[in-house]
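Protein chains in written order, with the working numbering: chain X, 2 to 142; chain D, 2 to 142. By construction, the Cβ of each residue, glycine as well, lies at the ideal position given by its N, Cα and C atoms.
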DNA sequence: TTCATTTTGCAATTATGTCGCATCTATGTT
DNA sequence: AACATAGATGCGACATAATTGCAAAATGAA
């Protein structure tokens, strides 16, 4: 079971031209388990500092370049990364970010429509929609 | 005329409980003149380094806390700030950010509608919509 | 003008992210 | 299974954005 998962992750890495190193497997597992966008700092904590800071950044950059993950929102300080299967290109779903604890979540049941034109000569490549507010925990305090 | 403007700005500062210092007046003038979101770096350049870096940050934070400006989009590197009159609360207009030069613009004729629900207990306070792409200049190259 | 309170400038510090280089590891080949 | 090597990691140094402590200066109320 854990082996199946490992195999799936290993395959995913190799299919994308990346060696399946311990660090990469562990980071990618985190993304599958988390099911929500993660920042570098959170990954470091979840791995209990088993990996070097620079390595985590390099892993995230490699994943992003390969398309395994892509960078989602930035709350002013942190880049967050997530698996693209749920969130790709122009149909990117919105995200929620808590101003209390900084947690980020995907808003699956939230649909965004927009109409209008960009100026002449402008090209749109991606949209990012972020709802800021308070999560249930931070709302209490 | 310039005095009227200065007076208006001075009043705005005092009304919000902030002393009308030279630096604050100059920064706030910039925002009124620019009519678009500004990053700290741009402000420094426009003021030709007359103010210390730390002071600019403190001024921006003070303004943001007082509600005179608020932080808008981040293009991955820079926080940008803008006057709230054109962009307030849940009716915030979208922004465009060029991945080439990092320039940020307001999209006035661009309307965003969304429907759906946040999870239980979540409170939405603001929305941020960002279209990323290329501006006419960067498109050429 | 005087004076208490804030704000500023400067330097040092923290935080995020990148880079170079020596060492180590994953993987295809023998 | 052992080997060779392209590529990944750890470490330290560096780059940039932003914050903080503290002494000196400026604001604005009396």
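The DSSP-derived three-state label of residue 99/X is strand. Judged by beta-carbon spacing, residue 82/D lies beyond the 9 Å limit of residue 63/D, meaning their Cβ atoms are not closer than that value. DSSP places residue 24/X inside the alpha helix (DSSP H), whose first and last residues are 23-35. For residue 64/D, the three-state secondary structure derived from DSSP is helix.
Distance between residue 114/X and residue 129/D, taken at the CA atoms: about 14 Å.
CA-CA distance, residue 32/D to residue 26/D, rounds to 10 Å. Selection 117/X, 120/X and 97/X evaluated against residue 109/X yields 97/X as nearest (Cα-Cα).
A residue is called buried once 16 or more other Cβ atoms fall within 10 Å of its Cβ, and residue 50/D, having fewer, is exposed. Residue 120/X sits close to residue 106/D, with the two beta carbons spaced by under 9 Å. Boundaries of the alpha helix (DSSP H) around residue 44/D: 41-47. Residue state for residue 19/D is assigned as coil, using DSSP reduced to three classes.
Straight-line measurement puts the Cα of residue 99/X at about 20 Å from the Cα of residue 45/X. Contact between residue 17/X and residue 60/X does not hold, since the beta-carbon distance rounds to 12 Å and is not under 8 Å. Here DSSP, grouped into helix, strand and coil, assigns residue 132/D to strand.
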